[in-house]
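In what follows, a single structure is set out as structure tokens and then discussed.
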Amino acid sequence: MRKFLALLGIIATSYGTTFSQIPPTAINADPAAGSISLVGGGNQINQTAQVDYTVTNEATVPPNTNGIIPPGSLEVTIGFPLQYGLQVGVTPVVANWTVLAHTPGPGGLLVITNNQAIDAGAELVATVGVAGFVQIAAPQTTTMTIDRRLNPSIIVANVNPNNDSNTGFLSVSAPLPIKLASFAAKQTSCGVVNLDWLTTKEQNVSHFDIQYSKDGREYTDLKRVSAQNSITGATYDAVVKQTDRDGFYRLKMVDFDGVFSYSNVAKVTLTCEPNVISVSPNPATTAFHIAGLENAAEIRLFNIAGQEILKKKVEAGNSKIDVSMLPAGNYNLVISDAYGSRTTFKVVKL
286 MRKFLALLGI IATSYGTTFS QIPPTAINAD PAAGSISLVG GGNQINQTAQ VDYTVTNEAT
346 VPPNTNGIIP PGSLEVTIGF PLQYGLQVGV TPVVANWTVL AHTPGPGGLL VITNNQAIDA
406 GAELVATVGV AGFVQIAAPQ TTTMTIDRRL NPSIIVANVN PNNDSNTGFL SVSAPLPIKL
466 ASFAAKQTSC GVVNLDWLTT KEQNVSHFDI QYSKDGREYT DLKRVSAQNS ITGATYDAVV
526 KQTDRDGFYR LKMVDFDGVF SYSNVAKVTL TCEPNVISVS PNPATTAFHI AGLENAAEIR
586 LFNIAGQEIL KKKVEAGNSK IDVSMLPAGN YNLVISDAYG SRTTFKVVKL
């Protein structure tokens with residue numbers, strides 16, 4: 286018995302740290318980093334994928350003896366490259382493992398501990414969901430490193446520390462489409478609305494169309510904002526003018542290949558009576574008078590064939606459009622202000 290206890294003490298201190306809590310059933314355990322493979326085979330991530338990280342017990346003793354890895358005794362750290370990793374905004378769940386820490390996005394990591402015992406010669410697989418961030422044909426490295434937890438209730442032995450790490454190599458055939466973290470709209474002054482949105486990943490994104498609706502059903506384009514195409518995402522803001530008491534906003538996110546998706550809808554209810562632009566007289570024989578311009582604007586007049594007849598820049602206040610030389614008929618008067626708001630009036634020249 287004394288020889289056995291002495292042997293246990295030697296094993297427990299063989300790697301520079303005293304592990305007095307190693308149970309007799311775990312003194313010959315040998316946790317090892319096994320294979321890293323894509324579920325379903327291959328090595329290409331198509332937007333999202335499942336990756337198996339296999340932890341094995343390389344103990345050479347017979348099963349169910351003194352080479353068992355107890356539950357909660359391992360700390361496995363999985364590292365990801367810039368091109369793929371944990372999806373932003375998604376909490377990772379790994380069956381048979383508990384997530385201790387995680388960093389989503391490019392260059393992130395995942396730290397997990399085992400919920401089950403691993404007997405000698407057995408394995409426990411951690412299936413991890415990943416997302417592609419950047420399309421790349423060359424395989425990129427993902428790593429797996431095994432350590433023993435520093436302060437668990439049970440410590441496990443590690444007979445061979447040379448097998449505690451491994452690498453896998455995966456490429457990205459198609460990145461995950463743009464990831465929108467947030468989109469919001471709020472009134473900043475009477476009739477003026479600020480829109481801001483945050484992306485956590487952009488790839489192959491052309492632009493954002495800000496769309497507006499007064500009833501939440503039919504939308505029109507207000508303004509176009511070019512995408513930054515940042516792998517780590519970007520922040521955006523825009524200012525628009527709202528004249529309806531209730532306004533509904535959304536983003537149309539368009540890729541270079543024409544594929545698009547929509548954001549959530551943000552509603553703004555004005556807390557004031559916004560200034561209203563008016564055109565008079567209508568019909569008119571010589572001129573249209575425009576009132577209520579709060580800022581500089583551009584005025585364009587189109588005939589019923591869609592041809593631009595007149596274009597004029599005006600300052601805030603009231604303005605006059607001379608139409609005395611135009612033929613009688615129906616026209617569309619379009620007023621675009623500095624906020625990107627566009628108002629169309631159907632006018633008649635007598």
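Every position in the sequence shown, counted from 1, becomes a number in the numbering used here once 285 is added. Glycine residues also receive a C-beta, built at the ideal position from the N, C-alpha and C atoms.
Beta-carbon spacing of G417, Y369 below 8 Å:
The sequence position of residue 417 within the sequence shown is 132, counting from 1. The sequence position of residue 369 within the sequence shown is 84, counting from 1. The answer is yes: Cβ separation under 8 Å.
My assumption, with CB atoms under 8 Å, is that V524 sits in contact with N479. Please give the rounded CB distance.
The count along the sequence shown starts at 1 and reaches residue 524 at position 239. The count along the sequence shown starts at 1 and reaches residue 479 at position 194. 6 Å between Cβ atoms; contact.
How many Å lie between V340 and R433 at the Cα?
Translated into positions along the sequence shown, residue 340 becomes position 55. Translated into positions along the sequence shown, residue 433 becomes position 148. Each residue's alpha carbon lies about 13 Å from the other.
Would the beta-carbon of K596 fall within 8 Å of that of R585?
Position 311 of the sequence shown, counting from 1, holds the residue named residue 596. Position 300 of the sequence shown, counting from 1, holds the residue named residue 585. It is a contact, given that the beta carbons lie within the stated cut-off.
If you reduce the DSSP assignment to three classes, tell me which class N342 lands in.
On the sequence shown, position 57 is the one that residue 342 refers to. N342: strand per DSSP, three-state reduction.
How big is the Cα-Cα spacing for V378 and A405?
Reading the sequence shown from its first residue, position 93 is the one you call residue 378. Reading the sequence shown from its first residue, position 120 is the one you call residue 405. Distance between the alpha carbons of V378 and A405: 26 Å.
When the Cα atoms are used, what is the spatial distance from A344 to T398?
Numbered from its first residue, the sequence shown carries residue 344 at position 59. Numbered from its first residue, the sequence shown carries residue 398 at position 113. One C-alpha to the other measures close to 19 Å.
Opening and closing residue of the beta strand (DSSP E) in which M610 lies:
Translated into positions along the sequence shown, residue 610 becomes position 325. Segment: none, M610 is in no beta strand (DSSP E) and carries neither H nor E.
What does the alpha-carbon distance come out to for the pair T350 and I403?
Within the sequence shown, numbered from 1, the residue matching residue 350 stands at position 65. Within the sequence shown, numbered from 1, the residue matching residue 403 stands at position 118. Computed Cα separation, rounded: 12 Å.
Integer Cβ distance of M538 from I463, believed to fall under 8 Å:
Start at 1 with the first residue of the sequence shown, and residue 538 comes out as number 253. Start at 1 with the first residue of the sequence shown, and residue 463 comes out as number 178. Contact flag correct, Cβ pair sits at about 5 Å.
Straight-line Cα distance separating A422 from Q592
Translated into the one-based positions of the sequence shown, residue 592 becomes position 307. Translated into the one-based positions of the sequence shown, residue 422 becomes position 137. Rounded to whole angstroms, the separation of the alpha carbons of A422 and Q592 is 49 Å.
Beta-carbon gap between S491 and F541 smaller than 8 Å:
Within the sequence shown, the letter at position 206 stands for residue 491. Within the sequence shown, the letter at position 256 stands for residue 541. Contact: yes.
Output needed for N448: all residues of its chain with C-beta closer than 7 Å, excluding positions within five of it in sequence on either side, in chain order.
For the purposes of this step, residue 448 is taken as residue 163 along the sequence shown, with counting starting at 1. These residues qualify, in order along the chain: A317, A318 and E343.
T505 versus S498 - alpha carbon distance
By 1-based counting over the sequence shown, the position of residue 505 is 220. By 1-based counting over the sequence shown, the position of residue 498 is 213. Spanning the two alpha carbons is a distance of roughly 7 Å.
Where does N567 sit, in a helix, a strand or coil, going by DSSP?
In the sequence shown, residue 567 corresponds to position 282, counting from 1. DSSP places N567 in coil when its eight states are reduced to three.
If you drop the 5 nearest sequence neighbours on each side, which residues of the same chain put their C-beta closer than 8 Å to that of G516?
Here the question's residue 516 lines up with position 231 in the sequence shown. Checking the sequence shown, residue 516 turns out to be Ile, not Gly. Here the set comprises L367, P391, F418, V419, K486, E487 and Q488.
In the DSSP output, what is K598 paired with across the bridge?
Along the sequence shown, one-based indexing puts residue 598 at 313. Beta-bridge pairing links K598 to E583.
Please confirm whether E583 and N560 have their CB atoms less than 8 Å apart.
Within the sequence shown, the letter at position 298 stands for residue 583. Within the sequence shown, the letter at position 275 stands for residue 560. The answer is no: Cβ separation not under 8 Å.
Using C-beta distances below 6 Å, list every residue in its chain close to T556, excluding the 5 sequence neighbours before and after it, in chain order.
Along the sequence shown, read from residue 1 onward, the residue named residue 556 stands at position 271. Here the set comprises nothing.
Have a look at T312 and G518 and give me their C-alpha separation to the nearest angstrom.
Sequence index remark: in the sequence shown, residue 312 carries index 27 (1-based). Sequence index remark: in the sequence shown, residue 518 carries index 233 (1-based). What sits at residue 312 in the sequence shown is Ile, not Thr. Inter-residue distance for I312 and G518 is about 48 Å (C-alpha atoms, whole angstroms).
Answer with buried or exposed for S626, where buried requires no fewer than 16 other C-beta atoms within 10 angstroms of its C-beta.
Working through the sequence shown from its first residue, we reach residue 626 at position 341. Label assigned to S626: buried.
As assigned by DSSP and simplified to three states, the class of T430
By one-based count along the sequence shown, residue 430 stands at place 145. Here T430 sits in strand by DSSP.
Give me the DSSP bridge partner(s) of R509.
One-based indexing of the sequence shown puts residue 509 at position 224. D494.
Is D622 buried or exposed, if buried means 16 or more other CB atoms sit within 10 Å of its CB?
Counting from one through the sequence shown, the residue named residue 622 turns up at place 337. Classification for D622: buried.
Using DSSP with H/G/I as helix, E/B as strand and the rest coil, what is A380?
Taking the first residue of the sequence shown as 1, we reach residue 380 at position 95. Three-state DSSP puts A380 in coil, outside helix and strand.
Endpoints, beta strand (DSSP E) assigned at T520
Walking along the sequence shown from the start, residue 520 turns up at place 235. A519 to K526 is the extent of the beta strand (DSSP E) around T520.
Only counting the same chain, and skipping five residues up and downstream in sequence, which positions put a Cβ closer than 7 Å to that of T484?
Start at 1 with the first residue of the sequence shown, and residue 484 comes out as number 199. Take T484, set aside five residues on each side of it, and the residues of its chain with a beta-carbon closer than 7 Å to its own are I463, K464, L465, A466, G518 and A519, in chain order.
On the DSSP bridge assignment, give the partners of V553 in chain order.
Locating residue 553 in the sequence shown gives position 268, counting from the first residue. Per DSSP, G532.
Quick check on N615: buried or exposed, where buried means 16 or more other Cβ atoms within 10 Å of its Cβ?
Taking the first residue of the sequence shown as position 1, residue 615 is located at position 330. Exposed, since its Cβ has fewer than 16 Cβ neighbours within 10 Å.
Pick helix, strand or coil for P309, following the three-state DSSP scheme.
Taking the sequence shown and counting its residues from 1, the one referred to as residue 309 is at position 24. In the structure shown, P309 sits in a helix (DSSP, three-state: H, G or I).
Cβ-based neighbour list, T428, same chain, cut-off 6 Å, excluding 5 preceding and 5 following
Numbered from its first residue, the sequence shown carries residue 428 at position 143. Closer than 6 Å at Cβ, skipping near neighbours: G364 and T452.
Taking Cβ positions, are V324 and V415 nearer each other than 8 Å?
Along the sequence shown, read from residue 1 onward, the residue named residue 324 stands at position 39. Along the sequence shown, read from residue 1 onward, the residue named residue 415 stands at position 130. Going by C-beta atoms, V324 is not nearer than 8 Å to V415.
Any idea if N603 is buried or exposed, counting beta-carbon neighbours within 10 angstroms, 16 or more meaning buried?
As a working mapping, residue 603 is identified with position 318 in the sequence shown. So N603 ends up on the exposed side.
Looking at the C-beta of S358, does it have a partner C-beta in chain C at a distance below 8 Å?
You won't find chain C in this structure, because it holds only one protein chain.
If you drop the 5 nearest sequence neighbours on each side, which residues of the same chain put their C-beta closer than 7 Å to that of L409?
For the purposes of this step, residue 409 is taken as the residue at position 124 of the sequence shown. Here the set comprises V340, N381, N399, Q401 and I403.
Rounded straight-line distance, which links the Cα of P356 to that of R502
Your numbering for residue 502 matches position 217 in the sequence shown. Your numbering for residue 356 matches position 71 in the sequence shown. Linking R502 to P356 through their CA atoms gives a straight-line distance of about 54 Å.
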